[in-house]
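Participant: Encoded as structure tokens, here's the structure I'll be asking about.
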Amino acid sequence: MRFADVLDFAWRVVRGYRSRTLLILLAMGIGVAAVVAVSSLGEGARLYVVNQFGSLGTHLVIVLPGRSETAGAMPGVLIGRTPRDLSIDDALALKRSAAVRRLAPLIVGAGDVRAGSRSRETPVLGSTHELMDIRSMEMAQGQFLPVMDPRDSLPVCVIGTKLAVELFPGRSPLGQWLRVGDRRFRVVGVLASQGESLGFNTDEIVIVPVAAAQALFNTEALFRILVEAKSRESIGPAKADIEEILRLRHEGKRDVTVITQDAVLATFDRILKALTLAVGGLAAISLAVAGILIMNVMLISVTQRRGEIGLLKALGATAAQIRLTFVTEAVLLALGGAAVGLAAGKLGQLLLGQIYPNIPFTSPWWAVIAAPLTAIVTSILFSVAPARRAAKLDAVQALSKR
Amino acid sequence: MIRLRGIERIFRVGEEEVHALRSVDLDITAGEYLSIMGPSGSGKSTLLNLIGLLDRPNAGRYELDERDVTGLTDDEQARVRREKIGFVFQFFHLVPRLTAAQNIELPMVLAGVDPAERRERLRKLLAEYALEARARHRPDQLSGGQCQRVAIARAMSMRPAVILADEPTGNLDRHTGQEVMAVLERVHHDGGTVLLVTHDPEIGGRAQRTLRMIDGAIVSDQKADAGGNGGT
């Protein structure tokens with residue numbers, strides 16, 4: 060039997076039993092679509108996080124106070140008190156490293172911001188003018204914090220666009236005074252809208268000189284020091300320099316944690332990749348279910364087509380030929396289901412993209428290949444039993460029944 | 014051409030053993046037109062199935078074209094069936110989703126005959142069995158007589174050595190049955206060997222040679238006068 064004829068024969072069967080074909084296409088389609096859509100969800104989340112870190116700036120090294128013995132991402136978050144705080148002098152000392160291009164000390168807190176009768180609770184960042192370059196911020200109006208000694212507490216501030224609109228409706232905020240807690244600041248600039256960036260909505264923050272933030276929150280301690288290395292290659296040396304400088308300043312104790320953007324990124328990347336694989340695998344279970352459905356439907360089909368199978372045997376079809384036609388039929392169904400599923404999955408992905416435009420939903424290449432492949436392999440596996448049953452059918456009995 | 018020696022066929026139904034064929038000896042020469050008659054359960058269909066290699070005897074020897082085919086594997090038997098045997102059934106057994114032409118083509122498809130050759134043979138068969146107008150119709154759009162003509166054309170498509178017809182008129186009215194018999198007899202006239210199982214004495218009597226079976230044994234083997242009333 061020529062292969063083209065096998066295909067043609069199976070194709071006619073698929074077309075001949077429409078409701079059955081539609082049922083299998085639906086089951087297979089849902090399975091494949093689920094794998095594609097769910098994995099693109101995971102991949103989208105991963106890319107979202109990666110992009111977020113990317114927007115943090117390049118060659119970034121983050122210094123945080125405290126150190127836990129187990130290495131990992133952001134241990135400082137887990138530790139409440141640290142033996143020694145990071146100070147502004149610590150930050151300034153880091154400039155001695157040849158691998159460091161610039162750095163910005165960072166203090167983060169929340170404050171009650173008032174202008175006239177309007178008031179609003181917002182995050183308050185204390186930093187220096189270098190923060191702008193390190194975080195690649197852009198200005199909508201005015202200027203960023205001026206270049207000055209970080210130990211000076213100048214009463215100026217930069218605010219986010221949303222805050223500007225909320226506090227100063229209908230007028231320019233530049234040159235206006237606002238009050239944060241019990242201190243007054245003059246607005247010197249408004250940040251361009253950047254949206255969410257690592258937990259901070261820069262549209263809603265107030266940035267004040269770091270010394271002013273120290274006074275405001277009544278603390279010497281820095282929350283972070285953001286350090287930008289000179290190049291990608293100098294990230295390693297920068298990290299080593301920072302650890303050494305701070306160890307000497309802290310009486311030989313290694314009580315800071317230095318993390319690089321790469322390390323954080325790699326951790327998130329790993330976690331989210333594993334997550335995507337896991338949910339993709341869960342969705343793949345529906346493919347196995349579809350495979351079992353194919354088996355059942357094929358078994359019914361063998362029973363229904365007993366007469367036809369008997370006839371094929373009488374006409375001289377070998378057992379192998381009969382098995383082949385049944386398996387081919389299953390493969391055709393699986394291919395159709397995979398095509399339907401891929402189309403539906405892509406459609407779902409587009410829909411998700413419409414609903415959450417911020418998240419770059421893309422199906423990972425392995426899902427696009429693995430889902431249809433799994434569909435085809437399961438349908439072959441699950442059609443073997445019905446095909447064997449068909450081939451073993453006793454021709455005389457099959458023909459005697461009408 | 015067909016030589017059966019000491020053929021036994023025993024079916025096991027639960028605890029009981031049913032002796033469907035008892036030491037059957039039979040010789041059929043090429044070009045014969047032979048009918049097998051007998052009451053139902055007499056083993057005539059079993060005999061036909063054995064000759065058609067759809068069934069295997071429990072004992073005995075079957076030679077087809079001087080070749081012992083009793084011990085062949087299933088696949089070898091399938092090949093012999095494909096090339097040497099054409100079946101015609103009481104219930105036609107056409108594939109419902111295929112057109113008349115595709116049904117006729119089926120044995121050639123299974124045998125892997127070249128498509129160009131297939132088309133040529135199909136065209137001839139359609140003409141020969143007056144089915145050209147019905148070629149693209151499906152079985153449910155055909156009358157019983159047309160269905161059986163399609164089935165006969167299908168059986169002839171591989172130019173088999175022998176045509177085995179099991180009650181070919183059993184599902185047809187008298188008039189259509191006569192028509193179908195005329196078609197089968199033309200196959201015989203063109204040199205084909207035709208074996209016919211029937212319990213209709215009128216149909217069976219048209220053959221040159223008539224076997225009578227009772228309880229799995231051939232009880233009489235009569236040859237009609239030369240020419241008989243087989244042809245028309």
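First to last, the protein sequences are chains L and X. Under the working numbering, think of the first position of the first sequence as 60, with each following residue one higher. Under the working numbering, think of the first position of the second sequence as 14, with each following residue one higher. Even for Gly, the Cβ is constructed at its ideal location relative to N, Cα and C. This one's a predicted model, so the numbers in the text were calculated from it and none came from an experiment.
Between which two residues does the beta strand (DSSP E) carrying A174(X) extend?
Facilitator: A174(X) -> no beta strand (DSSP E), and no H or E assigned at all.
Participant: Relative to the C-alpha of P214(L), which residue among D208(L), S195(L), R242(L) is closest?
Facilitator: Minimum Cα distance to P214(L) is reached at R242(L).
Participant: CA-CA distance, T129(L) and P268(L)?
Facilitator: Reliability fails at T129(L), whose pLDDT of 49 lies under 50, so the model's placement of it is uncertain and the value that follows must be treated cautiously. So the alpha carbons of these two residues sit roughly 34 Å apart.
Participant: For the segment 28–51 of chain X, enumerate the residues whose C-beta is nearer than 8 Å to any C-beta of chain L, in chain order.
Facilitator: Cβ contacts with chain L come from no residue of the segment 28–51 of chain X.
Participant: So, are the CB atoms of I166(L) and Q273(L) less than 9 Å apart?
Facilitator: Yes. Within cutoff.
Participant: E80(X) bridges to which residues according to DSSP?
Facilitator: With the sequence shown as reference, residue 80(X) is identified as Arg, and Glu is not the correct amino acid for it. R80(X) is bridged to L77(X).
Participant: Does any CB atom of chain L fall closer than 9 Å to the CB of V82(X)?
Facilitator: Taking Cβ atoms only, chain L never reaches closer than 9 Å to V82(X), which makes this a no.
Participant: Check the DSSP bridge columns for A168(X) and list the partner residues they point to.
Facilitator: For A168(X), which the question treats as bridged, DSSP gives no partner whatsoever.
Participant: Between the beta-carbon of E225(L) and the beta-carbon of R194(L), is there less than 9 Å?
Facilitator: Their beta carbons are not under 9 Å apart, which means E225(L) does not touch R194(L) by this criterion.
Participant: For A457(L), count neighbouring Cβ atoms within 10 angstroms of its own Cβ and tell me buried if that reaches 16, exposed if not.
Facilitator: Buried: at least 16 other Cβ atoms inside 10 Å.
Participant: Assuming I418(L) contacts Y107(L) (C-beta within less than 8 Å), just tell me the rounded distance between them.
Facilitator: About 5 Å separates the two Cβ atoms, so the contact holds.
Participant: Give every residue of the same chain whose Cβ lies closer than 6 Å to the Cβ of F327(L), excluding the five residues on either side of it in the sequence, and list them in chain order.
Facilitator: Taken in chain order, the residues that qualify are V108.
Participant: Write down the C-beta distance between L155(X) and R147(X) rounded to the nearest angstrom, noting that I regard them as a contact closer than 8 Å.
Facilitator: 6 Å between Cβ atoms; contact.
Participant: Mind listing the chain L neighbours of P120(X)? Cutoff is C-beta to C-beta under 7 Å, in chain order.
Facilitator: Result: L374, G375.
Participant: So that I know if they touch, is there some Cβ in chain L lying closer than 9 Å to that of L111(X)?
Facilitator: Yes, its Cβ sits closer than 9 Å to a Cβ of chain L.
Participant: Name the DSSP bridge partner or partners of R35(X)?
Facilitator: None; R35(X) has no bridge partner.
Participant: Please list the segments of the alpha helix (DSSP H) lying wholly inside the segment 137–219 of chain X, counting only runs of 4 or more residues, in order along the chain.
Facilitator: Qualifying alpha helix (DSSP H) stretches, in chain order: 157–169, 187–202, 214–217.
Participant: G125(X) versus chain L: which residues are under 7 Å apart at the beta carbon?
Facilitator: Those within 7 Å of G125(X) in chain L are M60, R61.
Participant: Determine whether the Cβ of G65(X) lies closer than 9 Å to any Cβ atom of chain L.
Facilitator: At least one chain L Cβ lies under 9 Å of G65(X).
Participant: Does the beta-carbon of R167(X) have 16 or more other beta-carbons within 10 angstroms, so that it is buried, or is it exposed?
Facilitator: It is buried - the Cβ of R167(X) has at least 16 other Cβ atoms within 10 Å.
Participant: Pull up the CB-CB distance for E118(X) and L135(X), whole angstroms please, since I reckon it's below 8 Å.
Facilitator: Yes, they are in contact, since the Cβ atoms of E118(X) and L135(X) sit about 6 Å apart, within 8 Å.
Participant: Going by C-alpha to C-alpha distance, which of A114(X), T211(X), M50(X) sits closest to Y142(X)?
Facilitator: Of the listed residues, the one whose Cα sits closest to Y142(X) is A114(X).
Participant: Looking only at its own chain, which residues have a Cβ that is under 6 Å from the Cβ of M60(L), when we skip the five neighbours before and after it?
Facilitator: Closer than 6 Å at the Cβ level, and outside the excluded window around M60(L), lie Q380.
Participant: Please give me, in chain order, every unbroken run of the beta strand (DSSP E) with length at least 3 that falls completely inside the segment 181–205 of chain L.
Facilitator: Entirely contained in the segment 181–205 of chain L, the beta strand (DSSP E) runs reaching 3 residues are, in chain order, 198–201.
Participant: 9 Å is my cut-off, CB to CB: does A463(L) come that close to chain X?
Facilitator: A query on residue 463(L) cannot be resolved here, the shown segment of chain L reaching from 60 to 461 and no further.
Participant: So with Cβ pairs under 9 Å, would you call R94(X) a contact of chain L?
Facilitator: Chain L contact via Cβ: present.
Participant: What's the gap between the Cα of Y415(L) and the Cα of S438(L)?
Facilitator: The alpha-carbon atoms of Y415(L) and S438(L) are separated by roughly 35 Å.
Participant: Do we get a CB-CB distance below 9 Å when we pair V97(L) with the residues of chain X?
Facilitator: No - not a single Cβ of chain X is within 9 Å of the one on V97(L).
Participant: Return helix, strand or coil for T141(L), following the three-state DSSP convention.
Facilitator: Any reading at T141(L) must be qualified, since the residue scores a pLDDT of 49, below 50, and its modelled position is unreliable; the value itself is stated next. If DSSP states are grouped into helix, strand and coil, T141(L) belongs with coil.
Participant: A378(L) versus chain X: which residues are under 9 Å apart at the beta carbon?
Facilitator: Ordered by position in chain X, the residues that pass the 9 Å Cβ test against A378(L) are D87, D88, A91.
Participant: For A434(L), does the count of other Cβ atoms within 10 angstroms reach 16, so buried, or fall short, so exposed?
Facilitator: Per the 10 Å Cβ criterion, buried.
Participant: At the level of alpha carbons, what is the spacing between S212(L) and V172(L)?
Facilitator: Rounded to whole angstroms, S212(L) to V172(L) spans 18 Å at the Cα level.
Participant: Tell me, please, whether the segment 182–189 of chain L touches the segment 307–317 of chain L by the rule of three or more beta-carbon pairs shorter than 8 Å.
Facilitator: Output reads no: the segment 307–317 of chain L does not touch the segment 182–189 of chain L.
Participant: Determine which residues share a DSSP beta bridge with Y46(X) and list them.
Facilitator: Y46(X) pairs with V207(X).
Participant: Would you check if the distance between the CB atom of P120(X) and the CB atom of M50(X) is smaller than 9 Å?
Facilitator: Contact flag unset, no.
Participant: Measure the C-alpha to C-alpha separation of T469(L) and A150(L) and round it to an integer number of angstroms.
Facilitator: Here chain L covers residues 60 to 461 and nothing more, so residue 469(L) does not appear.
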